[in-house]
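Below is one structure, written out as structure tokens; the observations come after it.
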Amino acid sequence: MIILSLDSTETVSTAALTDGKRLLGQTVLTVGNTHSETLLPAIDHLMTSIGLTYDRVDLYACAAGPGSFTGVRIGAATIKGLAFGRDVPCVGVSALEALAYNLVGFDGILCPVMDARRSQLYNAIFRCRDGVMERLTPDRTVVAARLAEELSAYKEPIYVNGGGTHILCETAEALPNLRPAPELLRYENAYSVALCALSAVEKGLDLTDKTDLVLAPTYLRPSQAERTRNGG
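Converting from the sequence shown to the numbering used here requires adding 70 to each position, the first position being numbered 1.
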């Protein structure tokens, strides 16, 4: 199965082509929040470099949030445009779960965190053993101090990645088992998005059922505009 995947939920813009679990190629850009300018050219370059045409793609996948409201919208709109125009299924996956997949080689607690602003983090907690990942919490927003308190209950190594790593590590510096991920594994990776999508298919996601394939951005909280309108 050829999968074209992307992630633009934080400042990293990344796209990947995979054949099943085999990575064919990937682009990663860390030039700031200019996804609307960089994402499609990067995808076109990737396709051309590998020598594939869009009609060879069997599944389109993107990180559908949480994350930057603008980045999430750009990613979802881009993947929908590529997929629906060719009548190929597309699937949205959790940006936090995709980050956790970066760390799937480590046994212990996987703790992806993204800066949600307003003194909060986007977070989910997973446990990984022998390459098998188990979700322990839903995707959520949480105050860093509250998350640090929750993590103190775990005695196994806790691996942290995502754009909020420095916030959590500064808040939970007293935890002796906290392990910030290496730089290479800390940020968004479209290959991990593809692995999430492939896992969903292997677990029974029906690629012929349109009701199963509704791709909607996941924000977890109202946007700044909505908060301002509602007096928040």
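Here a beta-carbon is modelled for each residue, glycine too, at the ideal position from N, C-alpha and C.
Treat the numbers as computed from the prediction; the structure is a model and nothing was measured.
{"Query": "From Leu254, Ser78, Thr81, Leu87, pick the residue whose C-alpha is nearest to that of Leu268; which is it?", "Result": "Leu87"}
{"Query": "Is the beta carbon of Val163 less than 8 Å from the beta carbon of Ala131?", "Result": "yes"}
{"Query": "Apply the 10 Å Cβ neighbour rule to Ala223 and answer buried if 16 or more other Cβ atoms are within range, or exposed otherwise.", "Result": "exposed"}
{"Query": "So, with DSSP's three-state summary, where would you put Arg216?", "Result": "helix"}
{"Query": "In its own chain, which residues sit with a C-beta less than 7 Å from the C-beta of Arg297, not counting the 5 before and 5 after it?", "Result": "Note that Arg297 scores a pLDDT of 43, beneath 50, so its modelled location is shaky; the value from the coordinates is reported in the next line. Correct list: empty, nothing qualifies."}
{"Query": "Using the C-alpha atoms, what's the distance from Leu245 back to Val110?", "Result": "Reading off the sequence, residue 110 comes out as Leu, not Val. C-alpha separation (whole angstroms): 42 Å."}
{"Query": "Applying the criterion that 16 or more other CB atoms from any shown protein chain within 10 Å of the CB defines a buried residue, is Ala295 buried or exposed?", "Result": "Reliability fails at Ala295, whose pLDDT of 44 lies under 50, so the model's placement of it is uncertain and the value that follows must be treated cautiously. When all chains shown are included, Ala295 counts as exposed."}
{"Query": "Between Leu65 and Asn231, what straight-line distance do the alpha-carbon atoms span, to the nearest angstrom?", "Result": "Because the chain here runs from 71 to 302, residue 65 falls outside it and cannot be looked at."}
{"Query": "Under 8 Å between the Cβ atoms of Ala133 and Thr79?", "Result": "yes"}
{"Query": "Return the chain-ordered ranges of every alpha helix (DSSP H) run that is complete within the stretch 140-169 and spans a minimum of 4 residues.", "Result": "none"}
{"Query": "Can you list, in chain order, the residues of its chain whose CB lies under 7 Å from that of Ser83, leaving out five sequence neighbours each side?", "Result": "Leu99, His105, Thr108, Leu109, Ala112"}
{"Query": "Under 6 Å Cβ to Cβ from Ser75, same chain only, skipping five residues before and after it: list those, please.", "Result": "Ala86, Ala131, Ala260, Val263, Ala264"}
{"Query": "Under the DSSP definition of a beta bridge, which residues are partnered with Arg188?", "Result": "Note: Arg188 sits in no beta bridge, so no partner."}
{"Query": "Select from Arg216, Val183, Leu191, Pro208 the residue whose C-alpha is nearest the C-alpha of Tyr229.", "Result": "Val183"}
{"Query": "Have a look at Leu173 and Asp185 and give me their C-alpha separation to the nearest angstrom.", "Result": "19 Å"}
{"Query": "If you run the structure through DSSP and keep just helix, strand and coil, what is Ile237?", "Result": "helix"}
{"Query": "For Ile149, count neighbouring C-beta atoms within 10 Å of its own C-beta (all shown protein chains included) and say buried if the count is 16 or more, exposed if not.", "Result": "buried"}
{"Query": "Buried or exposed: Ser119, going by 16 or more other Cβ atoms within 10 Å of its Cβ?", "Result": "exposed"}
{"Query": "For the beta strand (DSSP E) containing Asp77, name the first residue and the last one.", "Result": "72-77"}
{"Query": "Can you tell me which of the three DSSP states Glu253 falls into?", "Result": "helix"}
{"Query": "Among the residues of its own chain, which have a CB less than 6 Å from the CB of Arg249, if the five just before and after it don't count?", "Result": "Pro227, Tyr229"}
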